[in-house]
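Written out below as structure tokens is the structure these notes cover.
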Amino acid sequence: MLLSLLAGLAGCSTWFSSDFRDPRVQLKNVEIIKARLLEQQFMLRFRIDNPNEQSLPVRGLVYTVHLNDIELASGESSGWTTVPGNGFEYYEVPIHTNLWRHMKYIVRLLEKPDRPIAYRLDGELKTGLMLGRRVHISTNGEIIPGNFIPE
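Right, dumping it as structure tokens:
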């Protein structure tokens, strides 16, 4: 048992050494689960790319997501996944929000469903097992609303 613990810690050493490269996190999909007047439920799907040789355990994500200048959601997810070395994994985060106060602005954005909407993701990715590391993430991109509206 002690041998397996030491072997596991040897793998963790990459997370603390200068060889560790931060993973890349991108928002890939926003799925509408429920859309009621005072509550909306979405599933955010992130892609985590691991540029390191060692697999990367992910213990959670503290996040804030903005669409243009509107805060869509903020919170913390505690889901676990492991991103393989030099690979990627998808990480899904369910969110609940109330966009009622921004309804006029959102309706204007959706009037042109082919026009891209800018998003910004800020947060921290919690990695590692016992002696984890928090990786600051900040990424920008665009989503096209028409891709998420069912026909």
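Mapping of the sequence shown onto the UniProt record's numbering: position 75 corresponds to residue 75, and the numbering continues sequentially without gaps. Cβ coordinates follow ideal geometry from the N, Cα and C atoms, glycine included.
Considering only the alpha carbon of each residue, which of the options lies closest to residue i?
i	options	result
F42	E31, R59, K112, L61	E31
E71	A35, R45, T127, A118	A118
R45	E53, Y63, M103	Y63
K34	R59, L61, S77, T97	T97
G75	N86, R133, P94, R21	P94
D122	R21, N86, V25, E92	V25
E142	L27, N86, V135	L27
I144	K104, T127, N68	N68
S78	L61, G87, Y91	L61
P51	D19, L37, N29	D19
L37	S138, Q54, K104	K104
Give a yes or no on whether the minimum CB-CB distance between residue i and chain C is below 8 Å.
i	result
M103	Among the protein chains of the structure shown there is no chain C, as only one such chain exists.
Which word fits residue i, buried or exposed, when buried means at least 16 other C-beta atoms lie within 10 angstroms of its C-beta?
i	result
P113	exposed
P116	exposed
N86	exposed
DSSP has residue i in a bridge; who is on the other side?
i	result
S74	T64
H102	DSSP lists no partner for H102.
M43	E31, P94
residue 153	Here the chain comprises residues numbered 1 to 151, so residue 153 is not present and cannot be evaluated.
K112	Its beta-bridge partners do not exist; DSSP assigns none.
Can you find the residues in the same chain that come closer than 8 Å, C-beta to C-beta, to residue i, ignoring five residues on each side of it along the sequence?
i	result
H99	In the sequence as presented, His is not what sits at residue 99; that position holds Leu. Excluding positions up to five away in sequence, the list reads Q40, I70, L72, I106.
G146	P113, D114
Note down, in chain order, each residue of its chain lying with its Cβ closer than 6 Å to the Cβ of residue i, except the 5 sequence neighbours on either side.
i	result
R120	H66, N140
E89	I48, T81, V83
L129	P57
Y91	F46, I48, T81
D22	V135
S138	D122
E124	V62, R134, H136
Ordered along the chain, which non-local residues of its own chain (more than five positions away) have a Cβ less than 7 Å from that of residue i?
i	result
G132	R59, K126
S55	T82, V83, P84, G85
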